[in-house]
Structures are given as structure tokens and as C-alpha cells.
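Colleague: The sequence shown begins at 338 in the numbering used here and counts up by one. Mind having a look at this structure? Questions to follow.
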Amino acid sequence: MKDQLIELREERDLGQKLNATFAFLRQNYRPLARCILLYVVPFALLAGIFSGIYQSTQLAELSGNVRYGSLGAYAFASTINSGHYWVSIFFTLVSLVLLCITVYTYMLEYLAQGGKVENVAIWERIKGNFIPLLYSAVGAAVICGVAALLLVLPGIYVMVPLSLFAVVMLAEEVNFLDALERCFHLVKGRWWASFGFLLITFMLQGIIGFAASLPALVVYVFRILHLPGGESDLLLILASSFTTIVGLVLYVIAITAIGFLYFDLVERKDGLGLLEKVNQIGGPASGFSDIPQNQA
């Protein structure tokens, strides 16, 4: 029996959005997992490898296994370490941007095509939106960082609407500045409800992700306590890579949840789902592409 399509454009309370998130992932995990494996995991693997190399060197220094004969040698080693760290951060950012495009495009195609999603549609979105979204992700991080440096509360305040910027850019085909304005408009009057939903979502994701971090934690403990097997750099890199890859992939939970938050907020502000149902009375069903630009 074919699974019933999940309505995306619908007002939902906190519990309903959580249920819809996990129901959507459960219904679409196979095709979505294939897309993630194809477009996201290779870069997540690179992030994990460089993270493992960086952490291996840092732990070696901590345990006294690396000694420097001169200040120059120490400066060189520090530069190499920082290089591994920043390369890992770069590939982590790339992985998250690709994951956002993959998940949100999947949701939009699911909505437009009645649940039928083609890989080519996701690839076309990646080609057309990766660079703008990458720059926008850096911009959003800078805005959140500056706000957090000024005061903690402003930082938290802007993080809630900015969590929507990727899905707004993709769904409404707008640039970053227009997306910022749209994000704050959508969250206006619903900030606390959105904050509570995001907080619970990330807490659940963190609990699930903790299990994925156990292999790396075990290797760290073995390394610090000088237990057998702990001295293996390869084992540490493998464990760190596994943790990084699984941790990044698990962001599919939060990203999907943010997608349902977006549709909920749009429905409350614009009532597009209701308008579409009214327009369908006596006429053919309209797809996502029928929605006017800037009103996804």
C-alpha cells in the first residue's frame, strides 16, 4: 500500500511539527538517503578525515608524544594543525550547505510533484544555488556572531529567524538580503513558539547524535590513559571521521524540522495552502511552481 502524502503547507503546533518531521523522514528515508550519500557524504568524509588528523596531533601534543626542538618547529607544527582545523571547518560548512539544498529541494519537489522526486532536480538546484547559499551561510554566521558578541540575548534572538534563511532562499528564489527580511517577517509574532520548537528539535538531535560520538570518545580516553590501541592514529582518524559524518548527516533532522517550521509560518502569514485548496475546487491541481515568487 502506497504511503499517504504528507501535507507540507499546513498550520501545526509544536508536537504536530515534530511528528510530521519524523513521519516525513520515515516515509522518504530511502530516496533521501541516496541523495545524501551521493551529494553530501563525500564532503562530510573529508571533514571527518581532516578533523581526525587535527585531533590526533592535538592529543599527541597533550600526551607529550610530540616535542619541538625549536620555536620555529613549534610555529610550523601549529600552522599545520591550524590548517587541518580550518580545512575541516570548510568541508563541514560545505556539507551542511549541500545537506540544506538536498533536503529542502527534496521537500519542494515532493510538494510540487506529488511525492515523486528525481535526483536530477536536486542536482540542478545544487548547481544553481550552492555558491549563493555558501556565501549566505557565512553571512548568517557573521551576523549571529556579531549579535552574540554584543549581547547573548540578541545573538539568540537573530538565530531563530536566520535558521530559515536557506529554505526561504530556495523556496522563494530570493537573494540573501530579501531572505533576511522575509525570515524576520515570518517569525514576527511567533518567535517564542519557533524558539521552543527549534530548541526541542536540536535537543533530540543532540541526544541521538551522542551515540554516534561514543566511538571517538572511547579512542580519546584510551589515548589519554595510554591504554592498548589508544596510540593508533589511524584508529583515531577513523573514529573521528565516523563521528563527524554521522553527526553531519543527523542534521537532516533539524533541517527537515526547519522546513516544516517554514511551511507552518508561511501558512499562518499567507494562507497559501488554503488558497491553493480553494483554487483547486472545480479546476486542476496546481503545483508549487504556480505560487507567485516571494510567497512560497
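Beta carbons are placed, not taken as given, at the ideal position from N, Cα and C, and that holds for glycine.
Can you look up Ser425 in the DSSP assignment and give me helix, strand or coil?
Modeller: Three-state result, Ser425: helix.
Colleague: Is the Cβ-Cβ distance between Leu523 and Leu602 less than 8 Å?
Modeller: Closer than 8 Å, so yes.
Colleague: Would you kindly check if the distance between the Cβ of Ala381 and the Cβ of Ile582 is under 8 Å?
Modeller: In this structure, Ala381 lies closer than 8 Å to Ile582 by Cβ.
Colleague: Candidates Tyr557, Gly584, Tyr588: which alpha carbon is nearest Ile574's?
Modeller: Considering only alpha carbons, the answer is Tyr557.
Colleague: If I measure Cβ to Cβ from Phe359 and keep anything under 7 Å in the same chain, skipping five residues before and after, which residues do I get?
Modeller: Within the same chain, Phe359 has no close Cβ partners at all.
Colleague: Which whole-angstrom value is the C-beta distance of Ser531 and Phe502, which I expect to be below 8 Å?
Modeller: Not a contact, Cβ separation roughly 13 Å.
Colleague: Between Phe521 and the rest of its own chain, which residues show a CB-CB distance below 6 Å, the 5 nearest in sequence each way excluded?
Modeller: Result list for Phe521: Pro498, in chain order.
Colleague: From Leu369 to Gly465, what distance separates their C-alpha atoms?
Modeller: Using only the alpha carbons, I get a separation of about 20 Å.
Colleague: Where Val454 and Leu551 are concerned, what is the direct C-alpha to C-alpha distance, given to the nearest angstrom?
Modeller: If I take the Cα positions, the gap works out to 35 Å.
Colleague: Between Phe579 and Lys354, how many whole angstroms is the CB-CB distance? I'm expecting something under 8 Å.
Modeller: The Cβ separation is near 30 Å, so there is no contact.
Colleague: Apart from the five residues just before and just after Glu348, which ones in its own chain have a Cβ nearer than 7 Å to its Cβ?
Modeller: Counting only Cβ-Cβ distances below 7 Å, and skipping sequence neighbours, we find Asp601, Glu604, Arg605.
Colleague: In this structure, does DSSP put Ala622 in helix, strand or coil?
Modeller: Because the pLDDT of Ala622 is 43, which lies under 50, any placement of that residue in the model is unreliable, and the number read from its coordinates should be weighed accordingly. Residue state, collapsed to three classes: coil.
Colleague: Output needed for Ala553: all residues of its chain with C-beta closer than 6 Å, excluding positions within five of it in sequence on either side, in chain order.
Modeller: So the qualifying residues of the chain are Ala576, Ser577, Thr580.
Colleague: Could you tell me which whole alpha helix (DSSP H) segments of length 4 or greater appear in the region 555–613?
Modeller: Whole alpha helix (DSSP H) segments, 4+ residues: 570–586, 588–607.
Colleague: Please report the distance separating the alpha-carbon of Arg363 from that of Leu507.
Modeller: Their backbone Cα atoms lie some 23 Å apart in a straight line.
Colleague: In three-state DSSP terms, what is Arg688?
Modeller: The requested residue 688 does not occur in the structure, where the chain is confined to residues 338 to 633.
Colleague: Excluding the five sequence neighbours on either side, which residues of its own chain have a C-beta within less than 7 Å of the C-beta of Gly452, listed in chain order?
Modeller: Around Gly452: Leu342.
Colleague: What is the DSSP secondary structure of Glu348, reduced to helix, strand or coil?
Modeller: Correct three-state label for Glu348: coil.
Colleague: Thr394: which of Asp570, Tyr588, Thr593 sits nearest, CA to CA?
Modeller: The shortest C-alpha separation from Thr394 is found at Asp570.
Colleague: In whole angstroms, give me the CA-to-CA distance for Ile537 and Thr429.
Modeller: When rounded, the distance between both Cα atoms is 23 Å.
Colleague: Does DSSP put Gly420 in a helix, a strand or coil?
Modeller: Helix at Gly420.
Colleague: If you compare alpha carbons, which of Tyr376, Val479, Thr439, Tyr422 is closest to Thr593?
Modeller: Nearest C-alpha to Thr593: Thr439.
Colleague: Could you check what DSSP says for Asn512 in three-state terms: helix, strand or coil?
Modeller: Coil at Asn512, not helix or strand.
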